[in-house]
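Numbering (full-length UniProt numbering), first residue to last: 1 to 372.
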């Protein structure tokens, strides 16, 4: 079991708890993380077995605790872990994946005007997320809320996130930007070029070339072309993407770096890794289950959900297992490693809830504390 991951994660948990102004808020933070680490995807404040819904609501919406310091502590711990990644051969690639996801919601959300809106037929909170991948390491790094028409577009928000990528990561890895078709604007491509980051993004098959005609007329994967409005050449490839309904869909991707068609295709397919994280974050770690009355409360809910995912991911990395994580098991392991007392408290809560039924069956159970 990699001891450095265990020690680092334990140190992060210790830091997060000591950033809380009072023991009561430390307890509430742990209760929230335990709620997310149940990994059912259905977590609500009312489901907590160790804190009341009102206590959790006050913690998220009213209490003064340093949210930004919590984020900085998590990011610093993550940077230190990522910089320890060693892979054979040349300096490893840091895949910086950008995409937009919708946390679908119903209701009026009167305290958040303009944030809950309809976009591409989906009503909810629309997040542009930056997701980092190095080897087996996965990390949701940052996000911005897309606020709709006459505000920065998803591509512009993605460029803002890229400009804030920490220098230790930019210098410690070869940065490769991967993004969907919605990020293929002229400004985005020229922005990543200026930053010096090779970029592979999806592109519509009818995107116009300066020589005339759409890119769908190209005959060779990896062929160089000049797009209308773009001041530098790009290289285009394509592949068949298998959808959930077993249908295949032809997808085009462009690269700002002169790679072979097979290389562009291979990296272009890896953009879909973030889709797996979206499903995990929503269906396991309740990212979209916020029901807070303030913007601060929603923001804190999203941040703590991502922290719970990170702890579960680190717990998985301490095992010798290969393949994709079983997130229920990984979350349970995270609880056992870093919050074992909460497991005991939830067990006691379950016993107390079942006590009337046990007594009907002629059973009784006594729990007592003892000092060891």
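Idealized CB from N, CA, C, for every residue including glycine. From a predicted model like this one, the values you see are computed outputs, not experimental measurements.
Could you tell me the boundaries of the beta strand (DSSP E) in which residue 373 lies?
Since the first residue shown for the chain is 1 and the last is 372, residue 373 is missing from the structure and cannot be characterised.
Quickly, what does DSSP pair residue 142 with across the bridge? List them, please.
On the chain shown, position 142 is the one that residue 142 refers to. Answer is 130, bridged to residue 142.
Using the rule of at least 16 other Cβ atoms within 10 Å of the residue's Cβ for burial, across every protein chain shown, is residue 197 buried or exposed?
Within the chain shown, the letter at position 197 stands for residue 197. Buried: at least 16 other Cβ atoms inside 10 Å.
Count the C-beta pairs between the segment 152-163 and the segment 321-339 that are closer than 8 Å, then say yes if the count reaches three, no if not.
no
Hey, residue 145 and residue 165: beta-carbon distance below 8 Å or not?
Indexing the chain shown from 1 puts residue 145 at position 145. Indexing the chain shown from 1 puts residue 165 at position 165. No, they are not a contact pair.
By Cβ distance, which residues of its chain are closer than 7 Å to residue 173, with the 5 residues on each side in sequence left out?
The count along the chain shown starts at 1 and reaches residue 173 at position 173. Taken in chain order, the residues that qualify are 91, 92, 93, 94, 134.
In whole angstroms, what separates the C-alpha of residue 76 from that of residue 4?
Taking the first residue of the chain shown as 1, we reach residue 76 at position 76. Taking the first residue of the chain shown as 1, we reach residue 4 at position 4. Cα to Cα, the separation comes out at about 15 Å.
What would DSSP say about residue 426, mapped onto helix, strand or coil?
Here the chain has residues from 1 to 372 only, and residue 426 is not among them.
Taking the beta carbon of residue 298 as the centre, do at least 16 other beta carbons fall within 10 Å, making it buried, or is it exposed?
In the chain shown, the residue the question calls residue 298 occupies position 298. The residue in question, residue 298, is buried, as its Cβ has 16 or more Cβ neighbours within 10 Å.
Taking just the CA atoms, how far does residue 57 sit from residue 343?
Taking the first residue of the chain shown as position 1, residue 343 is located at position 343. Taking the first residue of the chain shown as position 1, residue 57 is located at position 57. Spanning the two alpha carbons is a distance of roughly 22 Å.
Within 10 Å of its beta-carbon, does residue 142 have 16 or more other beta-carbons around it, so buried, or fewer, so exposed?
Counted from its first residue, the chain shown places residue 142 at position 142. Residue 142 is buried by the Cβ-count criterion.
Taking the alpha-carbon of residue 14 as reference, which of 356, 365, 337 has the nearest alpha-carbon?
The count along the chain shown starts at 1 and reaches residue 14 at position 14. Nearest option by C-alpha distance: 337.
Between the C-alpha atoms of residue 364 and residue 321, what's the straight-line distance to the nearest angstrom?
As a first step, residue 364 is located in the chain shown; it is residue number 364 there, counting from the start. As a first step, residue 321 is located in the chain shown; it is residue number 321 there, counting from the start. Using only the alpha carbons, I get a separation of about 40 Å.
Could you name the residues that DSSP lists as bridge partners for residue 253?
By one-based count along the chain shown, residue 253 stands at place 253. Answer by DSSP bridge pairing, in chain order: 202, 237.
For residue 174, name the three-state secondary structure that DSSP assigns.
The residue you call residue 174 lines up with position 174 of the chain shown. Three-state result, residue 174: strand.
Is it buried or exposed, residue 128, if we count other Cβ atoms within 10 angstroms and call 16 or more buried?
For the purposes of this step, residue 128 is taken as the residue at position 128 of the chain shown. Its Cβ being crowded by 16 or more others within 10 Å, residue 128 is buried.
Contact between the segment 232-242 and the segment 282-295: three or more CB pairs below 8 Å?
no
Excluding the five sequence neighbours on either side, which residues of its own chain have a C-beta within less than 8 Å of the C-beta of residue 180, listed in chain order?
Within the chain shown, the letter at position 180 stands for residue 180. Excluding positions up to five away in sequence, the list reads 98, 99, 100, 201, 202, 271.
With a Cβ-Cβ cutoff of 8 Å, do residue 312 and residue 78 count as a contact?
In the chain shown, the residue the question calls residue 312 occupies position 312. In the chain shown, the residue the question calls residue 78 occupies position 78. Their beta carbons are not under 8 Å apart, which means residue 312 does not touch residue 78 by this criterion.
Just verifying my parser: in three-state terms, what is the DSSP assignment at residue 63?
In the chain shown, counting from the first residue as 1, residue 63 sits at position 63. If DSSP states are grouped into helix, strand and coil, residue 63 belongs with coil.
Which value, in whole angstroms, describes the spacing of the CA atoms of residue 1 and residue 318?
Counting from one through the chain shown, the residue named residue 1 turns up at place 1. Counting from one through the chain shown, the residue named residue 318 turns up at place 318. Summary for residue 1: the model assigns pLDDT 46, below 50, so the residue's position carries little reliability, and this model does not support an answer.
Start and end of the alpha helix (DSSP H) containing residue 85?
The count along the chain shown starts at 1 and reaches residue 85 at position 85. Unbroken run through residue 85: none, as it is neither H nor E.
Rounding to the nearest angstrom, what Cα-Cα distance links residue 257 and residue 264 in this structure?
Indexing the chain shown from 1 puts residue 257 at position 257. Indexing the chain shown from 1 puts residue 264 at position 264. Cα to Cα, the separation comes out at about 9 Å.
Just tell me which of 50, 341, 222, 148 has its CA closest to the CA of residue 259.
If you number the chain shown from 1, residue 259 lands on position 259. Among 50, 341, 222, 148, the Cα nearest to that of residue 259 belongs to 222.
Since residue 309 is in the alpha helix (DSSP H), which residue starts that stretch and which ends it?
As a first step, residue 309 must be located in the chain shown, where it is residue number 309. Note, residue 309: alpha helix (DSSP H), 295-317.
If you compare alpha carbons, which of 341, 269, 62, 274 is closest to residue 33?
Within the chain shown, residue 33 is the residue found at index 33, counting from 1. Among 341, 269, 62, 274, the Cα nearest to that of residue 33 is on 341.
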